[in-house]
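Chains as they are written, first to last, in the working numbering: chain C, 1 to 459; chain E, 460 to 866.
Worksheet: the structure to be examined is printed underneath.
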Amino acid sequence: MSIITRPWSRMTLAGKIILPLLLLFVLLNILIVAGQMTGVLPVLVNGLFQVINDNVDIFRFIGAVTALLLFTVPAAFVIIFMEMKLIAFINLRLGPNRQGPWGVLSSTLHGFKVLAKEDFTPTGADVPVFTLAPVVTYLGAVMTIMVIPFAPGLFGLDMNLGLLYFFAVAGLGVIGLMMGGWSSFNKYSLLGGLRAAAAIISYEIPLTLAVVGVIMLTGTMSLNAIVLRQSGSFIDWFAFQQPLAFIIFFIAATAEGGRTPFDLTEADSEIVAGFATEYSGMRFGFFFFAEYVNLFILSALMVTLFLGGWNAPLDIQPLLDWLHITVNSAIDPGSLGIGLLWIILLVPPLAILAVTLPIWMIKSKWSFLKAFIVGFVIVNVIGGAILAVWAYITFPFVAGLFWFFGKAFTMVALFVIMRGTLPRVRIDELMGFAWKWLIPAALLNLFVTAGALLVLQAR
Amino acid sequence: MTADPTLVRSLDDPDLMVQTPATIYDAIPPYPPRTEREAEFYAMGDGEMLINIGPQHPSTHGVLRVVLKIDGERVVDLDPVLGYLHRGVEKICENGDWHHAISNCDPLEYIASMFSEAMPVLVAEKLLDLEVPRRAEYIRVLAWELNRIASHMLFIGWLALDLGGLTPILYGFIERDEIVEMLAALTGQRLLFNYLRIGGVNGDLNHEFLSRLGDWMSHALKRADDESKLLNSNEIFVHRTRGLGVIDRDMARRTCLTGPPLRATGIPYDVRRAHPYSVYPELEFDIPTREEGDSYARYLLHLDEIKQSIHIIDQVLGKMPDGPVMAKVPRLLRVPPGRAYIAIESPRGQYSCFGMSDGSDQPFRLRIHDPSYFNLQAVGLLMPGHLIADTMAIMASLDPIMGGIDK
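Encoded structure:
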């Protein structure tokens, strides 16, 4: 065997990665050629397309779920990095600045660090419950993304009971927290889990009651329909038609996501880390990601329900009509013929040279290579910007994604700023605030909305 | 609270060891109760449980361990356990000479060590009946007041941190760091200064110290206002600290409180005015007091004291006389036999020391009275009946430093 193992052990890491891939590639090629020659492959491919065509809804669902699951972790990384930098700015610190430019890789590396850590189970823990708790919490957070419409035509599932589904599944998260708190064999965890249960169940009520006004105005629970109902300029958003509901929803969402000033579930100065005290490694990572995914989802839901979803704040179409401007950005690349090839070949180098040469002439001390690199970056940035503007004008889903993520991350930043500035409330104040103020206010909002609707419909 | 002889048992009696393997993580001690109080505390009622706050806990100050008996979230009873930082400093001081005692006393009050290191110095000077140069006295007052501000800034940050605010502690540390850098330029150390000497101070003011001090004085008052703005107008902070942990004058007298917790009840007792020492009689300053006696009053009092200290530093810089900073003291210092008691006002209250000398070059006995130890007594009276979250705010507002409590 040494004839194989000795060269293998002398190979570099890159070689060890590339060689198996190369072998796999050769094997695949042989299989494909053999399949084509025997006529099996076309039959298989056609059959696969046939199956996809017949069950397009299921495959669309699977694709959407995969895309959304893959999307959650990077979104959590972005939010964690944003939180680290924003709180550092509030604290007059520098924040992360070593991993990558401006420390952008720090949260990703935190993720890898969590993966590499020991997965520890304390003595006396209820092992199955202890293991399942982070998964339940994470799934409860991630499954709700399904119904959120990101852009026109870009959503996992357009349910007619989308909002009900959202609240039902989001309520699962608290079960995971209680499971973690109970099974850890630790009193801090127990207190944290019970606090989480008490706080989140109390705040579900005002959260849901605040949304009922919106449901009454739109007459539907489909989130897609609610966003379509708010199209137009920002005056049509429900934040301006239901301001009280928006404020109640914001406060309740802060408690629901376990954010400062309602972060009693993991109050580090009182009960160490709450339900997560005994967790380490990737199990803790699941709790951690679930918290940030939850934060993003609550922001996204707030944007969807109250801030117009993917709609731009100002509708410029009437203005364009009034000015008799028609924007026609549709380009048919096929009409250019062989000219397209010339454009692709010649425009980038010529543009780079056109930017590089003036720089090189003005900055006489720079080498040509340095000027070339600067020119390359400038052309790419300008080209990217032009491409982005063109895509924004041409494709409605690009514009929708831009506005949706812009608004959602603004709301996330608001939560982060609150964390940097506010102390924590006490558990009895927290519960009292929900039952004495938020629920009566939500009921008031409900009655006023219902009365206004009755009066308007009777007229 | 004396030990009941019938309850006191040998710790290694195997029949009396508590045989409960499930409670290996419990706060219950592994021996039978030694006092009536312990027996009462560790007898659990229905629905009650014990929870350890400390010695390793994110929010205990130092290594204080408090065993809380809780019913749900409400604290029923508590048992503070001390001694995790006991080094026997007073005994160690008897083994070195009088100069060694200065650096041994340094880490007692490690947040403001300029005060604890003054203990053997002032005792020896009183026993020697030594005349300290006036410039040295002024420099001491300057260093003391700077250190007081540094300590108070951390107090505000800690109080906010224990209530869940992330930012004030860092603002406090920025201010403290400027002062600590300044004192490092003066003394060569950032934390344990070892600067005071019997008969004066270790070195004269230098250029770097004065330039840093000038920079800091130009924005000190503004910074103190900025720090207070973040919390004074914060609805949650005010709501949580107002009316929390109220100490009335009677309780303050019974528990021997000194310093800010005492002055927050309205008793204007400050050693700098009540029993003047050093050059404080020549300086103008007020003794700020508050009537309410709650955590919020203690917080506001610390802010007022920071402003008074800045005012004192202003005057000291104006009145600073010329001259030597060290009296003539022999290298081998034989202190005449006798007893002496001195007291100064530290950021946490009356820091005093009773010293005895037998005529040799070593202290015969140094008994150091640390205000944190006596302020901590109030915890037992204040905490029961509050929620767990409030116990942290009460503890932070009394500001104990374990270095001096465990000694």
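By construction, the Cβ of each residue, glycine as well, lies at the ideal position given by its N, Cα and C atoms.
Fair warning: this is a prediction, and the values are worked out from it, not measured in the lab.
| Query | Result |
| --- | --- |
| Specify the secondary structure class of proline 480/E as computed by DSSP and reduced to three states. | At proline 480/E the pLDDT is 47, less than 50, meaning the model places this residue with poor confidence and gives no usable figure here. |
| Leaving out five residues on either side along the sequence, give the residues of the same chain with a beta carbon under 8 Å from the beta carbon of glutamate 553/E. | Gln821, Pro822, Phe823, Arg824, Leu825 |
| Isoleucine 359/C: which of Gly35/C, Leu345/C, Val377/C sits nearest, CA to CA? | Val377/C |
| Looking at isoleucine 657/E and valine 788/E, is the spacing between their C-beta atoms short of 7 Å? | yes |
| Determine which residues of the region 497-518 of chain E have a Cβ less than 7 Å from any Cβ of chain C, and write them out in chain order. | Met508, Ile510, His516, Pro517, Ser518 |
| Compute the Euclidean distance between the alpha carbons of glutamine 869/E and valine 582/E, then round it to the nearest angstrom. | No answer is possible for residue 869/E: it lies beyond the span of chain E, which begins at 460 and ends at 866. |
| Could you run through the region 414-445 of chain C and flag, in chain order, every residue whose CB is less than 9 Å away from some CB of chain E? | Arg419, Gly420, Thr421, Leu422, Pro423, Arg424, Val425, Arg426, Ile427, Asp428, Glu429 |
| Using the beta-carbon count (16 or more within 10 Å), is tryptophan 310/C buried or exposed? | buried |
| Is the region 691-700 of chain E touching the region 662-670 of chain E, taking contact as three or more C-beta pairs under 8 Å? | no |
| Let's see if you can read the secondary structure: which residues bound the beta strand (DSSP E) around proline 822/E? | 822-828 |
| If I'm right that valine 303/C touches alanine 408/C with Cβ under 8 Å, what's the distance once you round it to whole angstroms? | 5 Å |
| Which residues, taken in chain order from the region 79-93 of chain C, show a beta carbon closer than 8 Å to some beta carbon of chain E? | Ile87, Ile90, Asn91, Leu92, Arg93 |
| With DSSP as the reference, label isoleucine 487/E as helix, strand or coil. | coil |
| Measure the C-alpha to C-alpha separation of phenylalanine 372/C and methionine 221/C and round it to an integer number of angstroms. | 56 Å |
| Closest to valine 580/E by C-alpha separation, out of Ile746/E, Gln809/E, Phe813/E, Lys778/E, would be which residue? | Phe813/E |
| Against chain C, with Cβ distances strictly below 7 Å, would glutamate 532/E count as a contact? | yes |
| For serine 856/E, does the count of other Cβ atoms within 10 angstroms reach 16, so buried, or fall short, so exposed? | buried |
| My understanding is that valine 56/C touches phenylalanine 262/C, with C-beta atoms under 8 Å, so please give their C-beta distance in whole angstroms. | In fact, because the Cβ distance is near 43 Å, the residues do not count as touching under 8 Å. |
| Chain E partners of aspartate 268/C, CB-CB under 7 Å? | Pro517 |
| Check whether chain E comes within 7 Å of proline 358/C, counting only Cβ atoms and requiring the distance to be less than that. | no |
| Below 8 Å between beta carbons is the criterion; list the residues of the region 623-635 of chain E that meet it against any residue of chain C, in chain order. | Gly623, Gly624, Leu625, Thr626, Leu629, Tyr630, Ile633 |
| Let me know if glutamate 743/E comes out buried or exposed under the rule of 16 or more other beta-carbons within 10 Å of its beta-carbon. | exposed |
| With a cut-off of 7 Å, does the C-beta of methionine 612/E fall near any C-beta of chain C? | no |
| Span of the beta strand (DSSP E) holding alanine 802/E? | 797-805 |
| Beta-carbon of lysine 365/C versus every beta-carbon of chain E: anything under 7 Å? | no |
| Going along chain C in order, which residues have a C-beta closer than 8 Å to the C-beta of isoleucine 847/E? | Leu191, Glu270, Ile271 |
| What residue range is occupied by the uninterrupted alpha helix (DSSP H) comprising aspartate 54/C? | 40-54 |
| Is it right to say aspartate 684/E is buried, meaning 16 or more other beta carbons lie within 10 angstroms of its own, or is it exposed? | exposed |
| Just how far apart, CA to CA, sit tryptophan 8/C and lysine 16/C? | 7 Å |
| Which chain E residues sit within Cβ distance under 8 Å of proline 261/C? | Gly623, Ile695 |
| Could you tell me which uninterrupted alpha helix (DSSP H) segments, each at least 4 residues in length, are contained entirely in the region 223-267 of chain C, listed from first to last along the chain? | 223-229, 238-241, 243-256 |
| Beta strand (DSSP E) containing cysteine 552/E: first to last residue? | Unbroken run through cysteine 552/E is the alpha helix (DSSP H), 548-554; no beta strand (DSSP E). |
| Quick one: grab the DSSP three-state call for leucine 454/C. | helix |
| Give the interface partners of methionine 851/E over in chain C, defined as CB-CB distance under 8 Å, in chain order. | Ser269, Glu270 |
| For the candidate residues Met418/C, Phe59/C, Pro396/C, Pro423/C, whose alpha-carbon lies nearest to that of phenylalanine 150/C? | Pro396/C |
| When DSSP labels each residue in this structure, what does serine 367/C get in the three-state scheme? | coil |
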